[in-house]
Amino acid sequence: MCDKSCKSNGKQLCLDSTCCLPHQVTSENSSNNIGENSTDLESLAYHQHVKSNTTFLHAVINMIGMLIGLGQLSTPYALENGGWMSSIILIGLGIICAYTSHLLGKCLQKNPKSKDYKDIGHQAFGTKGRIIVTSFIYLEIFMALISYTISLHDNLSIVFINTNLKLKGILFHLSTSQILTTIAILIAIPTLWLRNFSSISFLSSGGIFMSLLIFVTVACTAIFGGIKANHQIPFLHLQNIPSISGLYIFSYAGHIVFPNIYTAMKDPSKFTKVSIVSFSLVTTLYISLGFMGAKLFGPQVSSQITLSMPHDQIITKFALWATILTPMTKYALEFAPIAIELEENLPSSMKSKVKMMIRGIVGSILLLVILILALSVPYFEHVLSLTGSLVGVGICVIFPCAFYTKIFWGEISRMSLILNVALIIIGGLLGVVGTISSSKLLEKSLKRAHDST
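Add 1294 to the 1-based position in the sequence shown for the numbering used here, that's all there is to it.
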């Protein structure tokens, strides 16, 4: 059983040249491929040994697939609310995250025994480092799953806008969209019982396609949808910067899986070039989508661009269903690292079928808890921003700089030391301010909803 992990925020990567899967998992007798797309937020897989057979182009595809996810849905909303000047923050964070990706590669080069993000944390700060990193990984998984479920709920409510379902109980009252979301989650629960990673990868291998489809549908709306892109984007809303910075950070949350991309490359020395090309292309896509959505819908743009598109057009239905199907294919792989570690901690004498039942039951309970939380806190932009500020900034900015500084202490140049310390401080400030801001906005939204009932 594997003991390594990587997280992808609901985003797919493809390390094996034969298929679009997150990375190759091998054992002494078998080899399974796991595939996942993202979002936001940010999927996870385990491995023992990764075959180093990935070309430069394939590694670029892997990293782009990792980065494209839930974050792209909120880019137009963030740009509209932050002002067009906030695009400088989006570009700046892209540059910073490309740099910290480069730092992770350097850490792996320093110690070839390190294979994943947790190994680098252990290499830098020992057992405490591994525990802290693992905690952040699992927290990000949990919060990303909540964001996925909120997105599922929001888009289902539009797809079935004319459907009228109600369910009243002694302690609860479910609306149409809540009932539909519950049904969708119940449909997804059996996938948590899967142990064959090939089956899981089959469910999630369409992730990149779904993300690109959303981008294409927004472009088609601008060209053929009869909507004029004539809204004026504000210059700068300084008061909104703390909260939208979390949305921007979440869009780049893929660093946990980057070590696996590095170790799978035929020529790891090209990893920095892979990072530069990948982040450049993804940042260009985010900027294009952000300005396009903000110009099309202006102040009325939703936190998820698909919800702002004209509901009567066929192209919108493609976008909505792409957004709905993405979370449905994510749950099994997102839960995979927790499930695998759970099985590893069970007694070796326990039968395989019993272990499968335990992981299935635990996964089902966890997903139902996530469903309840998502229905109780249906504020996609605030949860996404909180995820980016609370855990994303640590994983993408603070940890890589801290790892590199600690591992290369005594070798690092003065300029590099100043740069890394500055980025740790900037990341810490963004994390603290963004977490406070998004938490307050989430609290206000919950209070407003409570007062209106």
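All C-beta atoms, glycine included, are put in the ideal place defined by N, C-alpha and C.
For residue i, three-class secondary structure by DSSP
{"i": "serine 1467", "result": "Per the sequence presented here, residue 1467 reads as histidine, with serine not at that position. Reduced to three states, the DSSP call for histidine 1467 is strand."}
{"i": "methionine 1559", "result": "strand"}
{"i": "threonine 1349", "result": "coil"}
{"i": "isoleucine 1521", "result": "coil"}
{"i": "lysine 1407", "result": "coil"}
{"i": "aspartate 1606", "result": "coil"}
{"i": "glutamate 1638", "result": "helix"}
{"i": "lysine 1624", "result": "coil"}
{"i": "serine 1643", "result": "coil"}
{"i": "serine 1395", "result": "helix"}
{"i": "glycine 1584", "result": "helix"}
{"i": "phenylalanine 1629", "result": "helix"}
{"i": "isoleucine 1414", "result": "helix"}
{"i": "glutamine 1472", "result": "helix"}
{"i": "serine 1597", "result": "coil"}
{"i": "alanine 1548", "result": "Checking the displayed sequence, the identity of residue 1548 turns out to be glycine instead of alanine. Three-state result, glycine 1548: coil."}
{"i": "asparagine 1456", "result": "coil"}
{"i": "glutamate 1434", "result": "helix"}
{"i": "glycine 1704", "result": "coil"}
{"i": "isoleucine 1362", "result": "coil"}
Pairwise C-alpha distance: residue j and residue i
{"i": "asparagine 1356", "j": "aspartate 1745", "result": "46 Å"}
{"i": "proline 1562", "j": "valine 1453", "result": "45 Å"}
{"i": "histidine 1467", "j": "leucine 1474", "result": "13 Å"}
{"i": "asparagine 1534", "j": "isoleucine 1435", "result": "26 Å"}
{"i": "serine 1658", "j": "isoleucine 1483", "result": "6 Å"}
{"i": "arginine 1708", "j": "lysine 1560", "result": "32 Å"}
{"i": "leucine 1373", "j": "tyrosine 1542", "result": "9 Å"}
{"i": "phenylalanine 1652", "j": "alanine 1558", "result": "The sequence given here has isoleucine at residue 1652, not phenylalanine. In a straight line, the C-alpha of isoleucine 1652 is about 32 Å away from that of alanine 1558."}
{"i": "isoleucine 1390", "j": "leucine 1459", "result": "47 Å"}
{"i": "valine 1691", "j": "lysine 1645", "result": "42 Å"}
{"i": "tyrosine 1556", "j": "phenylalanine 1430", "result": "21 Å"}
{"i": "asparagine 1524", "j": "alanine 1513", "result": "15 Å"}
{"i": "proline 1553", "j": "glycine 1377", "result": "34 Å"}
{"i": "cysteine 1401", "j": "valine 1726", "result": "27 Å"}
{"i": "isoleucine 1550", "j": "leucine 1387", "result": "17 Å"}
{"i": "glutamate 1252", "j": "tyrosine 1698", "result": "Only positions 1295 to 1747 of the chain appear in the structure, and residue 1252 is not among them; the question remains open."}
{"i": "lysine 1567", "j": "isoleucine 1701", "result": "22 Å"}
{"i": "lysine 1734", "j": "serine 1643", "result": "49 Å"}
{"i": "phenylalanine 1565", "j": "asparagine 1347", "result": "13 Å"}
{"i": "tyrosine 1393", "j": "threonine 1349", "result": "21 Å"}
{"i": "serine 1597", "j": "threonine 1369", "result": "8 Å"}
{"i": "glycine 1721", "j": "proline 1406", "result": "28 Å"}
{"i": "threonine 1457", "j": "asparagine 1449", "result": "13 Å"}
{"i": "tyrosine 1578", "j": "glycine 1359", "result": "The question names tyrosine, but residue 1578 in the sequence shown is threonine. Going by the C-alpha atoms only, they are around 14 Å apart."}
Integer Cβ distance of residue i from residue j, believed to fall under 8 Å
{"i": "glutamate 1628", "j": "alanine 1438", "result": "7 Å"}
{"i": "serine 1748", "j": "leucine 1361", "result": "As displayed, the chain neither begins before 1295 nor continues past 1747, which places residue 1748 out of reach and without an answer."}
{"i": "isoleucine 1517", "j": "proline 1604", "result": "Not really, about 13 Å apart at Cβ, beyond 8 Å."}
{"i": "glycine 1679", "j": "glycine 1540", "result": "The question names glycine, but residue 1679 is serine in the sequence shown. Rounded, the Cβ-Cβ distance is 3 Å, consistent with contact."}
{"i": "threonine 1511", "j": "isoleucine 1609", "result": "5 Å"}
{"i": "isoleucine 1527", "j": "alanine 1588", "result": "5 Å"}
{"i": "proline 1672", "j": "histidine 1447", "result": "6 Å"}
{"i": "leucine 1684", "j": "valine 1656", "result": "With 8 Å as the limit, leucine 1684 and valine 1656 do not qualify as a contact, their Cβ atoms being about 24 Å apart."}
{"i": "glycine 1415", "j": "phenylalanine 1693", "result": "7 Å"}
{"i": "leucine 1590", "j": "threonine 1515", "result": "7 Å"}
{"i": "glycine 1682", "j": "glutamine 1607", "result": "With 8 Å as the limit, glycine 1682 and glutamine 1607 do not qualify as a contact, their Cβ atoms being about 31 Å apart."}
Boundaries of the alpha helix (DSSP H) in which residue i is found, first to last residue
{"i": "phenylalanine 1697", "result": "1693-1701"}
{"i": "valine 1648", "result": "1646-1670"}
{"i": "isoleucine 1718", "result": "1708-1746"}
{"i": "valine 1677", "result": "1674-1681"}
{"i": "asparagine 1375", "result": "1365-1376"}
{"i": "serine 1537", "result": "1535-1545"}
{"i": "phenylalanine 1529", "result": "No alpha helix (DSSP H) holds phenylalanine 1529; DSSP gives it neither H nor E."}
{"i": "glycine 1592", "result": "Segment: none, glycine 1592 is in no alpha helix (DSSP H) and carries neither H nor E."}
CB of residue i within 9 Å of CB of residue j, strictly
{"i": "phenylalanine 1544", "j": "leucine 1364", "result": "yes"}
{"i": "isoleucine 1536", "j": "serine 1731", "result": "Isoleucine is not the amino acid found at residue 1536; the sequence shown has proline there. It is a contact, given that the beta carbons lie within the stated cut-off."}
{"i": "alanine 1613", "j": "isoleucine 1440", "result": "no"}
{"i": "leucine 1669", "j": "threonine 1476", "result": "yes"}
{"i": "glycine 1654", "j": "valine 1687", "result": "no"}
{"i": "serine 1505", "j": "threonine 1620", "result": "yes"}
{"i": "glutamine 1366", "j": "isoleucine 1599", "result": "yes"}
{"i": "alanine 1288", "j": "isoleucine 1718", "result": "The requested residue 1288 does not occur in the structure, where the chain is confined to residues 1295 to 1747."}
{"i": "isoleucine 1581", "j": "leucine 1384", "result": "yes"}
{"i": "threonine 1617", "j": "serine 1471", "result": "no"}
{"i": "tyrosine 1625", "j": "tyrosine 1432", "result": "no"}
{"i": "valine 1677", "j": "leucine 1736", "result": "yes"}
{"i": "tryptophan 1487", "j": "methionine 1650", "result": "yes"}
{"i": "leucine 1740", "j": "isoleucine 1479", "result": "no"}
{"i": "isoleucine 1632", "j": "leucine 1660", "result": "yes"}
{"i": "leucine 1575", "j": "valine 1427", "result": "no"}
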